[in-house]
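Engineer: First the structure, which I've put down as structure tokens, then a few questions once you've had a look.
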Amino acid sequence: MFPMMMTAAGTITPARVFVVGAGVAGLQAIASARRLGAKVEAYDVRPAVKEQVESLGAAFVDLPLDTDDSEDKGGYAKAQDEAFYARQREMMARVVAASDVVITTALIPGRPAPILVTDEMVAGMTPGSVLVDLAAERGGNVEPSRPDETVVAHGVTVLGPTNLPATVPFHASQMFAKNVSTLLLHLVDDGALRIDLEDEITQGTLVSKDGDVVHPRVRELLDPPA
Numbered sequence: 663m664f665p666m667m668m669t670a671a672g673t674i675t676p677a678r679v680f681v682v683g684a685g686v687a688g689l690q691a692i693a694s695a696r697r698l699g700a701k702v703e704a705y706d707v708r709p710a711v712k713e714q715v716e717s718l719g720a721a722f723v724d725l726p727l728d729t730d731d732s733e734d735k736g737g738y739a740k741a742q743d744e745a746f747y748a749r750q751r752e753m754m755a756r757v758v759a760a761s762d763v764v765i766t767t768a769l770i771p772g773r774p775a776p777i778l779v780t781d782e783m784v785a786g787m788t789p790g791s792v793l794v795d796l797a798a799e800r801g802g803n804v805e806p807s808r809p810d811e812t813v814v815a816h817g818v819t820v821l822g823p824t825n826l827p828a829t830v831p832f833h834a835s836q837m838f839a840k841n842v843s844t845l846l847l848h849l850v851d852d853g854a855l856r857i858d859l860e861d862e863i864t865q866g867t868l869v870s871k872d873g874d875v876v877h878p879r880v881r882e883l884l885d886p887p888a
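Numbering (the working numbering), first residue to last: 663 to 888.
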């Protein structure tokens, strides 16, 4: 039960929800939890998203970590070394332990998802709590999670959904079609395809040109640095 309830029998305090990762999925999770009446906290390795988190009515968890180089040119979180993740987990442990629901959404483009909640951290949560690992398909942010399975670890329910859009096919198709049509309308001028290489949107979507891979992230994945 998410909202606070005041009854003749007493007051039920609102659920505490902790969202890890404030990208598209994380921000939507924050907004949904707030609408349901939960007390929401959120964390992201990118300090720049603090304003977005707070605009949705959630409290931003500020960890004293060096995050100056945490964001790439596209605005996505960059992979960090294991020492960074170890310190991050250590500092997040108290917030995880105090939460009734933890939702993790942290993904690194082209790389396995980082482990942010260890089995030991799950053991520190109150039995009956719930963890939702939205990165389960890419290895998961939560150590005990398994793709498309519901696992009970230390009395905590761990969910690992991998294809949530398929559970709402009509609305998922509606949004996908809208985005594709918007992109095509941007690229087509007077019935002809116009590729403007100086355009930011075109640069972000163009994979190859004249036989060469021009998208930086794809090029890096195909030919990683030594």
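No residue lacks a Cβ here, since even glycine has one placed at the ideal position from N, Cα and C.
How big is the Cα-Cα spacing for V798 and G688?
Structural biologist: The sequence as given places Ala at residue 798; Val does not occur at that position. Rounded to whole angstroms, A798 to G688 spans 14 Å at the Cα level.
Engineer: Any beta carbon from chain D within less than 7 Å of M787's own beta carbon?
Structural biologist: In the structure shown, chain D does not exist; there is a single protein chain.
Engineer: Return yes when the Cβ of A695 is within less than 7 Å of the Cβ of V702, no when it is not.
Structural biologist: In contact: V702 and A695 (Cβ atoms closer than 7 Å).
Engineer: Any idea which residues DSSP pairs A721 with across the strands?
Structural biologist: BP columns for A721 point to E703.
Engineer: Starting from S870, follow its DSSP beta bridges and name the residues at the other end.
Structural biologist: The partner list for S870 (beta bridge, DSSP) reads V875.
Engineer: Please confirm whether V715 and A684 have their CB atoms less than 7 Å apart.
Structural biologist: For V715 and A684, yes; Cβs fall inside 7 Å.
Engineer: Identify which residue in R879, L884, D885 has its Cα closest to the Cα of A739.
Structural biologist: Selected option, being the one with the closest Cα: R879.
Engineer: Which of the three DSSP states is assigned to A677 in this structure?
Structural biologist: In this structure, A677 counts as coil in the three-state DSSP scheme.
Engineer: Could you check if A721 is buried or exposed, using at least 16 other CB atoms within 10 Å of its CB as the buried criterion?
Structural biologist: Classification for A721: exposed.
Engineer: Got a sec, what are the start and stop residues for the alpha helix (DSSP H) I765 sits in?
Structural biologist: That residue, I765, is in no alpha helix (DSSP H); its beta strand (DSSP E) goes 763-766.
Engineer: Using only alpha-carbon positions, find the residue among D872, D858, P827 that is nearest to G866.
Structural biologist: It is D858.
Engineer: For R751, I'd like the list of residues in its chain whose CB is within less than 7 Å of its CB, leaving aside the five on either flank, ordered along the chain.
Structural biologist: If we look at R751 and ignore the five residues flanking it on each side, its Cβ neighbours are L778, T780, M783.
Engineer: In its own chain, which residues sit with a C-beta less than 7 Å from the C-beta of A691, not counting the 5 before and 5 after it?
Structural biologist: Correct list, in chain order: V681, I765, T767.
Engineer: Could you spell out where the alpha helix (DSSP H) holding A693 opens and where it closes?
Structural biologist: Note, A693: alpha helix (DSSP H), 686-697.
Engineer: For the alpha helix (DSSP H) containing L846, list its first residue and its last residue.
Structural biologist: That run of the alpha helix (DSSP H) goes 831-849.
Engineer: For the alpha helix (DSSP H) holding A775, just list the boundary residues, first then last.
Structural biologist: Here A775 belongs to no alpha helix (DSSP H), and DSSP marks it neither H nor E.
Engineer: Going by DSSP, which residues form a beta bridge with G672?
Structural biologist: According to DSSP, G672 bridges with T669.
Engineer: Could you round the C-beta distance between D810 and G802 to whole angstroms and report it? I think they count as a contact, below 8 Å.
Structural biologist: Wrong, their Cβ atoms sit about 11 Å apart, outside the cutoff.
Engineer: Going by the DSSP bridge assignment, what does A739 pair with across the sheet?
Structural biologist: In the DSSP output, where bridge partners are listed per residue, A739 has E733.
Engineer: Less than 6 Å between C-beta atoms, sequence neighbours within five positions excluded: which residues of the same chain meet that for D731?
Structural biologist: Closer than 6 Å at Cβ, skipping near neighbours: no residue.
Engineer: On the three-state DSSP scale, how would you describe T788?
Structural biologist: T788: coil per DSSP, three-state reduction.
Engineer: Return the CA-CA distance between K871 and T819, expressed in angstroms with no decimal places.
Structural biologist: The straight-line gap from Cα to Cα measures roughly 48 Å.
Engineer: Is L769 helix, strand or coil when you go by DSSP?
Structural biologist: Three-state DSSP puts L769 in coil, outside helix and strand.
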